[in-house]
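Numbering (the UniProt record's numbering), first residue to last: 1 to 414.
Below you'll find the structure, written out as C-alpha cells, and then a few comments.
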C-alpha cells in the first residue's frame, strides 16, 4: 500500500487533528488529492493564516475569505491571522472576523502592523457567546466596546498597542502592552473576575497612572519604571507578583501596601524602604533586585525591617545592582536590636547576586548566617568586575563565617 493510501485510510478525526497543526494555506492544497480530502479540509477546527511581505497584501485575504466560506466545522476552535504588510481596505478584516464569529470561534488572534487608517472590529465580536480568548495587536486598532455588558464568555485577553476596553464580565486573564504613542494618561482596570494581569509600560513613556481594582487577582506582573502605581486596591488573594518600578520617593509608604497578602514576590526597585513598614503575613519567597544610583545612600537597614515584617519567609534572593555606583558610595548598616522571626524559624534559602563584599555587606551576610537556624543553602555570586584574587578572598571569608545551621550548604558561583 502506498504512503498516500495509508494516509487516506486514516479516520477523519485523526486527519483533522493532523491538519489542525498545519498552516491553513497548506491545508487547502490537500483538496486536490481526492474528493474525500476535498471535504475533510473544510472541517478543520483550527485555522492559521500568516502572510509575509513577499507574498503581498491581497493573497491572505483572498485565501481567508474563500476558505471561511467553505468552512463546515460546527465550531471554529481558533482563528489566527498574522499579517506583516499594510493593506488598503479594512473591510477584509471586518468581513473575515465577522464570519469567524458567526462560526462560533472560541479563540481569535489578530496581529497586524500599523495601518494607514483606524481599524475597528466587527460589531458581532462584542456579542459573541463562544469567544473565550482574544489576542489583538495593531497600533491603529480601536476596540469600540459598547456600554452594555459584552463578550460574556471571554476569559483571556491580550492587548498589544491596542486601545480598549470595558464590560467583560467573565474575564480572568488580561495582558496590556502600552507603546510610546499611547495617549491614555490614566489606565483603569476594574474587573472583579480577573485572576491574572500583566501590564507593561514603555520604558521611555511619560508618567502615566494605573488604577487597578480587581480584588480576585492571583497573579500580577507590573513593569512600569516611572508611572504612578499608587491607585492599586487591596488584593487579598494574590499568590504571585512581579513589580518593576523606580519609586520617585523611597519613603513613599503608599506603594506596595496592596501587595501585603502576596506569597511570592519579585521586586525591581530603587530601594526596599518603600515597603519596609508593610506586613507581609503570607510571604514565603521574595526576590529583590535593588538598583543603587549614585545620588542617594544605599541602605541595607530597610532589608532587615522588611524581614521583620515577613514572619514566614523561606526564600530570600537579593541582587544589589551597584553597577552605576563607585565603591565610594556610602552603604548604611547597623545591627538591629532583635532578630526577625523568619530567620529563627523559617528561612531555608539565601541568595545574593552581584555581591561586592564591602564591609557593610559582609556584616549583613554574617548576621543572616549567624541567625538563620533552619538555613539549608546560602548562595553567592560576585560582582562582575571583581578580580579573581578578590573573588577567592571573598569566598574564603564567607566560608569562615559562623552559621547557626551546621548542615547548611555554602555555594559560591564564580
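Just so you know, even glycine gets a beta-carbon here, dropped at the ideal spot from N, CA and C.
The model shown is predicted, which means the values in this text are computed figures rather than measured ones.
Can you tell me which of 246, 214, 79, 349 puts its alpha carbon nearest to the alpha carbon of residue 312? One-based indexing of the chain shown puts residue 312 at position 312. Residue 312 has its Cα closest to that of 349, out of 246, 214, 79, 349.
Suppose contacts are defined by Cβ-Cβ distances below 8 Å. Is residue 218 in contact with residue 190 by that definition? By one-based count along the chain shown, residue 218 stands at place 218. By one-based count along the chain shown, residue 190 stands at place 190. Against a cut-off of 8 Å, the Cβ pair of residue 190 and residue 218 comes out as no contact.
Whole angstroms are fine: how far does the CA of residue 153 sit from the CA of residue 42? Walking along the chain shown from the start, residue 42 turns up at place 42. Walking along the chain shown from the start, residue 153 turns up at place 153. Looking at the backbone, the Cα of residue 42 and that of residue 153 are separated by about 26 Å.
Look up residue 219 in the DSSP assignment and say whether it is helix, strand or coil. Along the chain shown, one-based indexing puts residue 219 at 219. It is a strand residue.
Strictly by DSSP, which residues pair up with residue 352? Here the question's residue 352 lines up with position 352 in the chain shown. Looking at the DSSP output, residue 352 bridges to 318, 380.
Roughly how far, in whole angstroms, is the beta-carbon of residue 119 from the beta-carbon of residue 93, given that I think they are within contact range, below 8 Å? Here residue 119 corresponds to residue number 119 of the chain shown, with the count starting at 1. Here residue 93 corresponds to residue number 93 of the chain shown, with the count starting at 1. Their Cβ separation, rounded to whole angstroms, is 6 Å, which keeps residue 119 and residue 93 in contact under 8 Å.
Going along the chain, which unbroken runs of the beta strand (DSSP E) with 3 or more residues stay wholly within the region 236-294? Whole beta strand (DSSP E) segments, 3+ residues: 240-244, 264-269, 285-291.
Please report how far the alpha carbon of residue 280 lies from the alpha carbon of residue 345, in whole angstroms. Locating residue 280 in the chain shown gives position 280, where the first residue counts as 1. Locating residue 345 in the chain shown gives position 345, where the first residue counts as 1. If you take the alpha carbons of residue 280 and residue 345, they lie about 16 Å apart.
Nearest-angstrom Cα distance between residue 416 and residue 63? The chain is shown only over 1 to 414; residue 416 falls outside these bounds and no answer can be derived.
In whole angstroms, what is the alpha-carbon distance linking residue 321 and residue 44? Indexing the chain shown from 1 puts residue 321 at position 321. Indexing the chain shown from 1 puts residue 44 at position 44. Looking at the two C-alpha atoms, the distance is approximately 52 Å.
Please state the DSSP three-state secondary structure of residue 396. As a first step, residue 396 is located in the chain shown; it is residue number 396 there, counting from the start. Looking at residue 396 - three-state DSSP - the assignment turns out to be helix.
Indicate the three-state DSSP secondary structure (helix, strand or coil) for residue 82 in the structure shown. Taking the first residue of the chain shown as position 1, residue 82 is located at position 82. In this structure, DSSP gives residue 82 an extended state, which the three-state scheme calls strand.
Can you round the beta-carbon distance between residue 317 and residue 262 to whole angstroms, since I take them to be within the 8 Å contact cut? Locating residue 317 in the chain shown gives position 317, where the first residue counts as 1. Locating residue 262 in the chain shown gives position 262, where the first residue counts as 1. Not confirmed; about 15 Å, so no contact.
Of the residues 213, 131, 230, 300, the one placed nearest residue 359, counting alpha carbons only: Within the chain shown, numbered from 1, the residue matching residue 359 stands at position 359. Checked all of 213, 131, 230, 300; the closest Cα to residue 359 is 300.
Own chain partners of residue 151 with C-beta closer than 7 Å, once the 5 adjacent residues on each side are dropped: Translated into positions along the chain shown, residue 151 becomes position 151. Only 126, 128, 131, 168 meet the Cβ criterion.
Check residue 201 in the structure and name its three-state DSSP category. The sequence position of residue 201 within the chain shown is 201, counting from 1. In this structure, residue 201 counts as coil in the three-state DSSP scheme.
Assuming residue 97 and residue 73 make a contact with CB atoms under 8 Å, what is their CB distance in whole Å? Sequence index remark: in the chain shown, residue 97 carries index 97 (1-based). Sequence index remark: in the chain shown, residue 73 carries index 73 (1-based). Your pair residue 97 and residue 73 does not check out as a contact, with CB atoms roughly 17 Å apart and the cut at 8 Å.
7 Å CB neighbourhood of residue 236 in its chain, flanking five on each side removed: Along the chain shown, one-based indexing puts residue 236 at 236. When the five nearest sequence neighbours on each side are left out, the beta carbons in the same chain lying within less than 7 Å of the beta carbon of residue 236 are those of 215, 261, in order along the chain.
Less than 8 Å between C-beta atoms, sequence neighbours within five positions excluded: which residues of the same chain meet that for residue 295? What you label residue 295 is simply residue 295 of the chain shown in a count that begins at 1. Because residue 295 carries a pLDDT of 41, less than 50, the predicted location of this residue cannot be relied on, and no value is offered for it.
If you draw a straight line from the alpha carbon of residue 226 to that of residue 245, how long is it in whole angstroms? Along the chain shown, read from residue 1 onward, the residue named residue 226 stands at position 226. Along the chain shown, read from residue 1 onward, the residue named residue 245 stands at position 245. Computed Cα separation, rounded: 6 Å.
I need the straight-line Cα distance from residue 76 to residue 48, nearest angstrom please. Locating residue 76 in the chain shown gives position 76, counting from the first residue. Locating residue 48 in the chain shown gives position 48, counting from the first residue. Computed Cα separation, rounded: 11 Å.
Would DSSP call residue 49 helix, strand or coil? Numbered from 1 along the chain shown, position 49 holds the residue referred to as residue 49. Three-state DSSP puts residue 49 in a strand.
Alpha carbons only, please: which of 373, 362, 357 is nearest the one belonging to residue 343? For the purposes of this step, residue 343 is identified with residue 343 of the chain shown, where counting begins at 1. Cα-wise, what sits closest to residue 343 is 373.
Please confirm whether residue 408 and residue 378 have their CB atoms less than 8 Å apart. As a working mapping, residue 408 is identified with position 408 in the chain shown. As a working mapping, residue 378 is identified with position 378 in the chain shown. The beta carbons of residue 408 and residue 378 sit closer together than 8 Å.
Buried or exposed for residue 258, going by 16 or more other Cβ atoms inside 10 Å? For the purposes of this step, residue 258 is taken as the residue at position 258 of the chain shown. By the 10 Å Cβ count, residue 258 comes out buried.
Measure the CB-CB distance between residue 221 and residue 242 and report whether it falls below 8 Å. Here residue 221 is taken as the residue at index 221 of the chain shown, counted from 1. Here residue 242 is taken as the residue at index 242 of the chain shown, counted from 1. The beta carbons of residue 221 and residue 242 sit closer together than 8 Å.
Burial state of residue 100 (16 or more Cβ within 10 Å): Here residue 100 refers to the residue found at position 100 of the chain shown. When all chains shown are included, residue 100 counts as buried.
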